[in-house]
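Mind the numbering: the sequence shown is residues 612 to 886 in my numbering, read in order.
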Amino acid sequence: MLDFLFYNFSSYICMVRKKCRIVQKNYKVLTNIESLQTIESSTFNIHVCKYHFASNSQYAAQILPPPKTINTNYNIRTIYHRHLQNGLQRDAVTGWLLYASFYYVTEQYNETIRLTEYVLSKCASDMVFLGKNYYSEADIDNYRHNVHPSIPLNVKMKTAVVDDVTYLQHSSLIPKELELEVEDGCFKIPPFTICHCLRFLCYHHIGDTFNKQQALCHLHSTYYMSTTVISNTLTLFGVCSEISGDKDEAVHCYDEALRCVFSTCSKRKSRLLNI
C-alpha cells in the first residue's frame, strides 16, 4: 500500500538531524513546496507536498521570538498562528500539541488543557504511528477500517496517523521546565507523553492537586514508542517527578534514561544531584 511506504520512509526524513541546523532556511523551503504543489500533477505527490509544508510550518513556528515577548507585536503573533494552523495539517496530533505548547508558554493554561483534552478524545490505540520500521497486517487492516481509500492522503493522516512531537533546538514553544532538553539539539517525545506532561504542568500551575496527580499517573501509561525516544520519555518522567518533589523517583528515571542507547539527560541528573 503506497500510503504505508510513505509513512515508513518519512521516518528517515524526520530523523535527519541536520534539519535542526538548517531550519533557518525554513521560509525558503516553505516557498519552494508551495511552488511545487502548483506544478505537480500527481494527486498523491501533491498531498505529500502538503505534509512537508505542514511539517516545515511546525518548525517555522519554533524559530520565532518567544511568544511571551510578542504580546504587543500583532504581526509576529499573526505569523505564529498562521504557522501553527498550517502545522495542524500534518497528522492527527502533532500540530494540536504544538498549539497547546504555544498556549502553555503564554500561560493560557485552561486553553492548553482544552486542546490536550481534544487530542486525547480523537486518538485511539489503533491509529497508525508514523515511521515504524514494520507495519503489521493488523496495522494495515485498522487503517483501512478507519479511512476510506478515496480520500486524500493528508486527510487520512489527519484522521488516522500519529507521530512524535519534535521540539527544535532552542524551540520557542518548549515549556520552560523542559528548556534544558533543547539546549544541545532537537527533542522528540511521544504524543501521548507530552500531552499528559502539558496537563501535569498546567494543573501544577493552577494548583489543582488531584488532576495533577491524575496526569502524572497517565504519564506513566504504556504506549508505543520507538527506541529513539525512550530516553527522552524517561527524562520527561523524571522532570515531572522532580516538580512533584519526588527526588528519588526523578533520579531513578534519569538513571534509566542514561542506560538507553540514545541518552539525553546527563545535565538534568547532574543539576538535580547538585541542588
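For every residue, glycine included, the Cβ atom is placed at its ideal position computed from N, Cα and C. Note that the coordinates shown come from a computational prediction; the quantities given were computed from them, not determined experimentally.
Residue i and residue j closer than 9 Å at C-beta
{"i": "Tyr-754", "j": "Asp-866", "result": "no"}
{"i": "Leu-741", "j": "Asp-795", "result": "no"}
{"i": "Ser-874", "j": "Cys-864", "result": "no"}
{"i": "Ala-868", "j": "Gly-856", "result": "no"}
{"i": "Leu-726", "j": "Tyr-745", "result": "no"}
{"i": "Lys-787", "j": "Thr-839", "result": "no"}
{"i": "Ala-771", "j": "Ala-703", "result": "yes"}
Distance between beta carbons of residue j and residue i, contact taken as under 8 Å
{"i": "Gly-706", "j": "Gln-673", "result": "About 12 Å; that fails the 8 Å criterion."}
{"i": "Ala-806", "j": "Val-730", "result": "The identity of residue 806 in the sequence shown is Cys, whereas the question assumes Ala. Correct: roughly 5 Å between the Cβ atoms."}
{"i": "His-815", "j": "Ile-854", "result": "6 Å"}
{"i": "Cys-734", "j": "Val-773", "result": "6 Å"}
Euclidean distance between Cα positions of residue i and residue j
{"i": "Cys-797", "j": "Arg-701", "result": "19 Å"}
{"i": "Val-634", "j": "Ala-671", "result": "Because Val-634 carries a pLDDT of 48, less than 50, the predicted location of this residue cannot be relied on, and the following value inherits that uncertainty. Rounded to whole angstroms, Val-634 to Ala-671 spans 8 Å at the Cα level."}
{"i": "Leu-616", "j": "Ile-817", "result": "44 Å"}
{"i": "Arg-870", "j": "Gln-696", "result": "38 Å"}
{"i": "His-829", "j": "Thr-654", "result": "40 Å"}
{"i": "Glu-748", "j": "Ile-690", "result": "42 Å"}
{"i": "Thr-804", "j": "Ser-782", "result": "18 Å"}
{"i": "Met-738", "j": "Gly-698", "result": "19 Å"}
{"i": "Leu-883", "j": "Tyr-662", "result": "40 Å"}
{"i": "Leu-779", "j": "Ile-785", "result": "9 Å"}
{"i": "Glu-792", "j": "His-759", "result": "39 Å"}
{"i": "Asn-684", "j": "Gln-719", "result": "18 Å"}
{"i": "Ser-877", "j": "Asp-859", "result": "16 Å"}
{"i": "Pro-676", "j": "Arg-688", "result": "10 Å"}
{"i": "Ser-881", "j": "Ala-861", "result": "12 Å"}
{"i": "Asn-757", "j": "His-658", "result": "19 Å"}
Opening and closing residue of the alpha helix (DSSP H) in which residue i lies
{"i": "Arg-688", "result": "685-698"}
{"i": "Glu-860", "result": "858-869"}
{"i": "Glu-853", "result": "841-854"}
{"i": "Thr-717", "result": "Note, Thr-717: premise wrong, no alpha helix (DSSP H); not H, not E."}
{"i": "His-831", "result": "Element bounds for His-831: n/a, residue is neither H nor E."}
{"i": "Val-659", "result": "654-672"}
In chain order, each alpha helix (DSSP H) run of at least 4 residues that lies wholly inside the segment 723-802 | Given a length threshold of 4 residues, each whole run of the alpha helix (DSSP H) inside the segment 723-802 is given here in chain order: 748-757 and 764-771.
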